[in-house]
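In what follows, a single structure is set out as structure tokens and then discussed.
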Ligand SMILES: Nc1ncnc2c1ncn2[C@@H]1O[C@H](COP(=O)(O)OP(=O)(O)OP(=O)(O)O)[C@@H](O)[C@H]1O
Ligand SMILES: [Mg+2]
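Protein chains in written order, with the working numbering: chain A, 1 to 310; chain B, 311 to 586; chain C, 587 to 948.
Set out below in structure tokens:
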């Protein structure tokens, strides 16, 4: 390389640096707001989880690991013995159980629905997709409220059943785990259908034809051809349903009442009646950590399986 | 194939490779399940009786009741004020960020920027809400300022990724050759942006702003944690009411809010479709 | 006699990528393009034609070298400060503006008064015969019409130089023929220097004042269409433009008038001038239609056996295996006076007129 080309590639270097600077300048305002009201507070919260709880909310600026201990342990007031915090553990368990059940229910309902949409004529597919998208973008609280109206003791379903003399007294669905699960399935179902549809749309039906040609029955075609090919979509949809279910707050609060807490409600309690900010912070970070690990596993999975699925 | 068609076969019994047992049934049931609760809710909002369960006739009684309820009026106003501001700010910020991250060669820090912008989508809302509560409560205590600023900046932040999405998609579809042509025809970068880029990007910006507006209008969790006393928006007002007695007025409010969302989302859908 | 130089490209190289991905799209390219000239860049796909245009327009900057416009250095000016306009390969018409607004865009950006813009736009619409479509959106007109609008838009600011990157490649055959004539007419009418890119050799030969043949980032030969066709300097040029034969030979002597080469048959022939050194092996090229087939083997420069005869309407092609085992194709006009009843297996002599042979370098 001679001197001239060296100096002129400096010129290009400068142009490139200028472009990078321009890009960063354009992004800076958004980043400032995001640091102020999204990522920055997360760091502050991490810091708060290592402080001592104030008596009436807030914190005392002293280092303490109590917040983190209290996530799974309690110190008995009388004999000072450490025990597992059964109440917390049961909330963790309920959150994971309900989220998993919600995810599975969503797969069971969402898979045939996505398949149905994907096998419509090309022109009408957009319409069916639109029907899925609409609930996706409408208020989660309102959709939860709609379920509440349906399953309340004197709600639509119970009234109907009683009017038909099928039952004598209302079935108690509200304030149970079932109610939470019905609600979460209802509000998160579109999150399952959309990615499922995305990967089904790419399904090559010649493969299905080939399978039938080779004497496969419908069930076998489903099990041996369609499901394996749609797997990336199933995984993506499951992640998209599982993660918000795990952090759900509104749905369990409205449908689960005061006793059937999920993680989100337990966290909220620490800032409400419990007034234990460090514990609330530690619980939040635990939730965040579970979510991040799930996402990371998913990213690994999708990279390994070729990454053809966005 | 030819043989199949030669014999008169009952059309319904023809083998279709697309059919799977029970799938259509579940799918139809699924669509019914998705829409029935909403439709029942909307239906009962027009009920003239004061019971939630008994249908007593058509009326707009509960809409008037909600309209005249001063708390609801205040909450509506606040919701709109916050959503409009959040939509405006987040759209401006997202447009700039989209211009800085698309149609460029990969640059140092690009992934970090993406992660930052998408963070509100990945972190559970309750976690962000609690983190904001901690920080803002401390600031509120220290400064004594309790105004709307906290809600506006919080909403702006989580609306950014939603506004960013359609703007970026639109930009990526736009050929840089048009800007190149503008530069060739003596347009300075700024004039090329005003005369070429912005008009072409406009549908994306509009969609982004509407999406941000809907998202802000619908937010419950973050608002619930960030708001100061007396700063109820419609959704947080509803959340509070749902724990107490539920009146049909709720149905009316919910239906109205629903109508706004559906309208805007349909518009976004149309804007995006016209493009292709 | 020759017009002054409009664009001077001097020792320009353009490197893309860096490190081990580095790749030179242009290497040491030098060319002077004159005022009022219809100048064509001709070469295969990927040879760097577009890159050279983009450097002249200012969309890219040279890695080394200089570009001058009428003697003024412009290689580091941004495109909007260069009096050079481009007709893009995909037209790049602004979809949100009307035909008239597109054509007026350059003038608007130059802050010309509205009246002047209006009159120039009207003039341009007339030039490209699009008056009736002035208020149409550009996505509501046909490909050929878009092409005209792109042309009018680039001509409206009266640039010193117009760059056209394969402007006709998207048009169908008939439309292309028509536009070729129109382009030529407009160039003559406006007196603007056209730098025209194509990989269609026929288009280049019919339209250009001068042609630069490019390959792999280099300009191999610059000359008039007849120069390029009749006196190719490189094997690539001869091969790329038209059909040709290559023969091995040995250069005996050369001067500015011409050269003498001994063929594989032992006979010596005269060729056009060459820079090659005497007593070195050289390649010679000769077009199929420039060989004469004769019976008299003693008078012939070469001889061989006819292996195949192909009739193609206007011509007959005779494939001949020379005694040196080289392949040779001769083309004889079917309507012409020359004898053409040669049969497969027959031995024929091949005779060349003086100076139809050219020594080419590799
Ligand atoms: N921005 C770029 N980055 C990297 N390589 C490039 C870039 N632009 C062009 N090249 C490479 O430079 C070479 C020359 O490209 P150029 O577009 O000038 O070819 P061309 O002669 O116009 O070909 P065509 O007839 O196909 O249009 C090609 O190999 C191309 O891949
Ligand atoms: Mg090109």
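Glycine is no exception: its CB is placed at the ideal position from the N, C-alpha and C atoms.
Pull up the distance between the alpha-carbon of residue i and that of residue j, whole angstroms please.
i                      : j                      : result
residue 46 of chain A  : residue 242 of chain A : 24 Å
residue 561 of chain B : residue 530 of chain B : 17 Å
residue 319 of chain B : residue 234 of chain A : Residue confidence for residue 319 of chain B is low, a pLDDT of 48 falling below 50, so the modelled location carries little weight; the figure read from the coordinates is stated next. So the two alpha carbons sit approximately 37 Å from each other.
residue 49 of chain A  : residue 277 of chain A : 7 Å
residue 648 of chain C : residue 661 of chain C : 7 Å
residue 582 of chain B : residue 483 of chain B : 12 Å
residue 88 of chain A  : residue 71 of chain A  : 7 Å
residue 651 of chain C : residue 19 of chain A  : 23 Å
residue 34 of chain A  : residue 574 of chain B : 25 Å
residue 369 of chain B : residue 333 of chain B : 40 Å
residue 909 of chain C : residue 876 of chain C : 20 Å
residue 799 of chain C : residue 612 of chain C : 13 Å
residue 12 of chain A  : residue 635 of chain C : 21 Å
residue 395 of chain A : residue 503 of chain B : No information on residue 395 of chain A is available, as it lies outside the stretch 1 to 310 that chain A covers here.
residue 855 of chain C : residue 889 of chain C : 14 Å
residue 696 of chain C : residue 500 of chain B : 14 Å
residue 527 of chain B : residue 543 of chain B : 8 Å
residue 937 of chain C : residue 929 of chain C : 18 Å
residue 534 of chain B : residue 390 of chain B : 16 Å
residue 349 of chain B : residue 161 of chain A : 19 Å
residue 84 of chain A  : residue 571 of chain B : 45 Å
residue 520 of chain B : residue 403 of chain B : 14 Å
residue 744 of chain C : residue 639 of chain C : 18 Å
residue 645 of chain C : residue 637 of chain C : 9 Å
Please name the residue, chosen from the options, that lies closest to residue i on a Cα-to-Cα basis.
i                      : options                    : result
residue 569 of chain B : B:392, B:409, B:351        : B:351
residue 439 of chain B : A:299, A:275, A:268, A:112 : A:268
residue 679 of chain C : B:398, B:519, B:510, B:383 : B:510
residue 685 of chain C : C:740, C:637, C:896, C:820 : C:740
residue 259 of chain A : A:126, A:130, A:177, A:299 : A:177
residue 949 of chain C : C:736, C:722, C:940        : Examination of residue 949 of chain C is not possible in this model, given that chain C is present from 587 through 948 alone.
residue 113 of chain A : B:411, B:339, B:466, B:450 : B:339
residue 371 of chain B : B:579, B:472, B:559, B:565 : B:559
residue 450 of chain B : A:143, A:58, A:54, A:287   : A:58
residue 624 of chain C : C:642, C:791, C:860        : C:791
residue 418 of chain B : A:22, A:53, A:232, A:283   : A:22
residue 232 of chain A : A:185, A:262, A:192, A:263 : A:192
residue 643 of chain C : C:610, C:833, C:891, C:746 : C:746
residue 384 of chain B : B:547, B:567, B:565        : B:547
residue 655 of chain C : C:620, C:632, C:629        : C:620
residue 932 of chain C : C:918, C:682, C:881        : C:881
residue 328 of chain B : A:265, A:118, A:68         : A:118
Please check the pair residue i and residue j, which I expect to be a contact at CB under 8 Å, by giving their CB distance rounded to whole angstroms.
i                      : j                      : result
residue 396 of chain B : residue 469 of chain B : 5 Å
residue 230 of chain A : residue 294 of chain A : The Cβ separation is near 20 Å, so there is no contact.
residue 154 of chain A : residue 172 of chain A : About 12 Å separates the two Cβ atoms, so there is no contact after all.
residue 263 of chain A : residue 247 of chain A : 7 Å
The stretch 129-137 of chain A touching the stretch 332-351 of chain B, judged by at least three CB pairs closer than 8 Å: yes
Stretch-stretch touch, CB-based, cutoff 8 Å, three pairs: the stretch 587-598 of chain C with the stretch 757-774 of chain C: no
Stretch-stretch touch, CB-based, cutoff 8 Å, three pairs: the stretch 825-841 of chain C with the stretch 850-869 of chain C: yes
At least three beta-carbon pairs within less than 8 Å, the stretch 698-709 of chain C to the stretch 776-788 of chain C: no
Beta strand (DSSP E) segments (min. 3 residues) lying fully within the stretch 769-820 of chain C: 779-784, 796-801, 804-809
Any 3 or more C-beta pairs closer than 8 Å across the stretch 469-485 of chain B and the stretch 72-87 of chain A: no
Uninterrupted beta strand (DSSP E) stretches inside the stretch 689-755 of chain C (no shorter than 3 residues): 747-751
Meets three-Cβ-pair contact criterion under 8 Å: the stretch 712-732 of chain C and the stretch 750-770 of chain C: yes
The stretch 371-384 of chain B in contact with the stretch 503-521 of chain B per 3-pair CB rule at 8 Å: no
Contiguous alpha helix (DSSP H) assignments of at least 4 residues, all confined to the stretch 66-139 of chain A: 66-72, 86-118, 122-137
At least three beta-carbon pairs within less than 8 Å, the stretch 223-231 of chain A to the stretch 199-208 of chain A: yes
Ordered list of alpha helix (DSSP H) runs contained in the stretch 230-271 of chain A, each at least 4 residues: 250-256, 263-269
Secondary structure, beta strand (DSSP E): runs of 3+ residues fully inside the stretch 853-917 of chain C: 854-857, 867-872, 877-880, 888-897, 901-908
Validate contact between the stretch 354-362 of chain B and the stretch 196-203 of chain A using beta carbons, cut 8 Å, 3 pairs: no
Contact between the stretch 427-446 of chain B and the stretch 282-294 of chain A (3+ Cβ pairs under 8 Å): yes
Whole runs of the alpha helix (DSSP H) within the stretch 633-694 of chain C, excluding any shorter than 4 residues: 635-643
Beta strand (DSSP E) segments (min. 3 residues) lying fully within the stretch 459-518 of chain B: none
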